[in-house]
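In full-length UniProt numbering, the protein residues as written are 1 to 493.
To keep things clear, I will list the structure first and then write my remarks on it.
Below, the structure is given as structure tokens:
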């Protein structure tokens, strides 16, 4: 198995880290801006709806006030006329409002003047003094198409036509009480018109009283509306300022807490979270962020401990020069592999020794020799299967634990041949072309042994045999091989 040092969980890559120096978001995209806009829109809508309702109520109230004043003027004028022309009678509706004057003769004719001694102009002037507005007396035209004035409270009001702006206004054929706009002598007024009728219903004329010219009335109304609008705008400005101040004060901690989270994301956990003393949602959020910060600090501490542990473990089980597993690691792996032999598993244990390495090391120095050993380790690693392990035993000695899939001898031979061929190719180290080789001894388990000691001993015997054969070759362990080796060593070879 290709051995790699365990990597502890590190920091996130630079491309995924949040930018701690990122500019504050535009107010349209910030929570404060959105909340402020939402609140201000609510205020504007509320004030707008209230203002519209207020203006409608103001308009309705003023028109109602105008109508009441017009009806009151009609009452006053009818009372003044009845006080002088005692032969007249009036008709009123259910609410007591005078709606017509009943007279057999037109008001202000010569007979009424002779019988009362009052000129109609004087009577209308007296009525105008009490209503503080103009009063006119109208009679039917000779052609019966409308009404023309016979007298008025002012000067030169005789012979003036009156036209009404409403289709429900009185006419020579309809005797109805009317309050509304009418044009007298080219000037529009808001008037009340009392029809003067005979007992048989014939219309003689109208008594018209004004409460004011429409231009003056609307000017007064517009001034009141303008004043109300200015007050509304002032209140709206003050309310907007107050809402903006409160929203800024309310959401001011949010960017600060975002910065705290960003620092934590960048593993900057040295600053405590602010606003933890607040007894509201901001305080609760600050407490949660502080809990997260403390957890990150603890996690970072555990990560450092874990990294140190993994580093020490790696150093204890791996060769510091080549990075390959060392003898201690190999012993554990070999013991584990031999324990699984009872389950039908099969392994090959290969020991190899570099040929001609000592002359290279003596000639070119230890630095070149160390670099050459690293290159050898890299070439061996490329030859391994997924579960195979290569280890450096020391000096120029290496070992390989090969897990067998089907045929121990066939798979061991194929790997040994590849090792011999690979190590036989020249190495280039610091510009030097170096030629070495490798001899391999192979012990197949369980045939050659069932424990680590036996496999080490017998693979070493096979390695010794391969070197006797002339180096750059390989040999399998067998019982006869062990006997031959004993005889050879006994002879002092």
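From the three backbone atoms N, C-alpha and C, an ideal C-beta is built for every residue, glycine too.
8 Å CB neighbourhood of residue i in its chain, flanking five on each side removed
i           : result
residue 416 : 350, 440, 442 and 474
residue 121 : 151, 152 and 153
residue 301 : none
residue 67  : 179
residue 69  : 211
One or two residues paired with residue i in a DSSP bridge
i           : result
residue 161 : 148
residue 390 : 400
residue 319 : BP columns for residue 319 are empty, so no partner.
residue 100 : 91
residue 406 : Answer is none; residue 406 lacks a bridge partner.
residue 178 : 193
residue 476 : 442
residue 136 : 152 and 208
residue 437 : 355
residue 184 : 162 and 187
residue 427 : 434
residue 213 : 189
residue 203 : 197
residue 171 : 174
Contacting residues, own chain, Cβ-Cβ under 6 Å from residue i (five flanking each side not counted)
i           : result
residue 180 : 166
residue 296 : 264 and 269
residue 329 : 317
residue 418 : 383
residue 479 : none
residue 467 : 439
residue 21  : Per-residue confidence for residue 21 stands at a pLDDT of 48, beneath the threshold of 50, marking its modelled position as unreliable; the derived number appears in the next sentence. The answer is none, since no qualifying residue turns up.
residue 319 : 326 and 392
residue 3   : Because residue 3 sits at a pLDDT of 42, beneath the cut-off of 50, its placement in the model cannot be relied upon, and the point is left open.
residue 183 : 163
Option nearest residue i by Cα separation, candidates the options
i           : options               : result
residue 129 : 107, 36 and 154       : 154
residue 429 : 479, 405 and 360      : 360
residue 365 : 434, 421, 302 and 323 : 434
residue 445 : 339, 369, 380 and 372 : 339
residue 200 : 174, 183 and 185      : 174
residue 83  : 168, 342, 245 and 126 : 126
residue 223 : 140, 148, 58 and 87   : 58
residue 159 : 242, 140 and 240      : 140
residue 118 : 99, 142, 106 and 85   : 85
residue 90  : 347, 464 and 100      : 100
residue 61  : 476, 221, 242 and 88  : 221
residue 258 : 420, 314, 278 and 285 : 285
residue 107 : 413, 95, 96 and 78    : 78
residue 394 : 363, 408, 370 and 407 : 370
residue 81  : 260, 123 and 63       : 123
residue 39  : 378, 177, 198 and 236 : 236
residue 186 : 157, 203 and 176      : 157
residue 476 : 432, 410, 426 and 424 : 410
residue 195 : 183, 184, 182 and 177 : 177
residue 277 : 293, 298, 262 and 253 : 253
Neighbourhood of residue i by C-beta distance below 7 Å, restricted to the same chain and skipping five residues each side
i           : result
residue 449 : 443, 455 and 458
residue 374 : 321 and 322
residue 341 : 445, 446 and 450
residue 239 : 43
residue 35  : 247 and 251
residue 47  : 232 and 236
residue 241 : none
residue 347 : 337, 401, 402, 403, 404 and 445
Distance cut-off 7 Å: residue i Cβ against heavy atoms of the ligand ADP
i           : result
residue 302 : The ligand ADP is not part of the structure shown, which contains no ligands of any sort.
Chain D contact for residue i (CB, 8 Å cutoff)
i           : result
residue 154 : Given the protein chain composition of this structure (a single chain), no chain D is represented.
Problem - Cβ contact check for the segment 73-86 and the segment 191-210: 3 or more pairs under 8 Å - result: Verdict: yes, contact present.
Exercise for the section: Count the C-beta pairs between the segment 444-456 and the segment 331-342 that are closer than 8 Å, then say yes if the count reaches three, no if not. Expected result: By the C-beta criterion, the segment 444-456 is judged to be in contact with the segment 331-342, since at least 3 inter-stretch pairs fall below 8 Å.
Practice task
Check whether the segment 242-252 touches the segment 205-225, taking contact to mean three or more Cβ pairs, one atom from each stretch, closer than 8 Å.
Solution key: The answer is no - the segment 205-225 does not touch the segment 242-252, with fewer than three Cβ pairs under 8 Å.
Exercise for the section: Evaluate the contact criterion for the segment 393-404 versus the segment 339-359: three or more CB pairs, one atom per stretch, below 8 Å. Expected result: Yes, since at least three Cβ pairs between the segment 393-404 and the segment 339-359 fall closer than 8 Å, the two stretches touch.
Practice task
Let me know the alpha helix (DSSP H) ranges lying completely inside the UniProt domain "HAMP" (248-301), each 4 residues or longer, listed in chain order.
Solution key: DSSP runs (the alpha helix (DSSP H)) wholly in the UniProt domain "HAMP" (248-301): 253-265.
Exercise for the section: Mind listing, in chain order, the continuous alpha helix (DSSP H) runs of no fewer than 4 residues lying wholly within the segment 311-392? Expected result: The qualifying runs are 327-339, 357-364 and 366-382.
Exercise for the section: Determine, using beta-carbon pairs with one atom in the segment 206-215 and one in the segment 117-137, whether at least three such pairs fall under 8 Å. Expected result: Flag = yes, the segment 206-215 and the segment 117-137 touch.
Practice task
Kindly confirm or deny that the segment 225-232 and the segment 47-62 touch, where touching means at least three C-beta pairs closer than 8 Å.
Solution key: Counting Cβ pairs under 8 Å, three or more are found: they touch.
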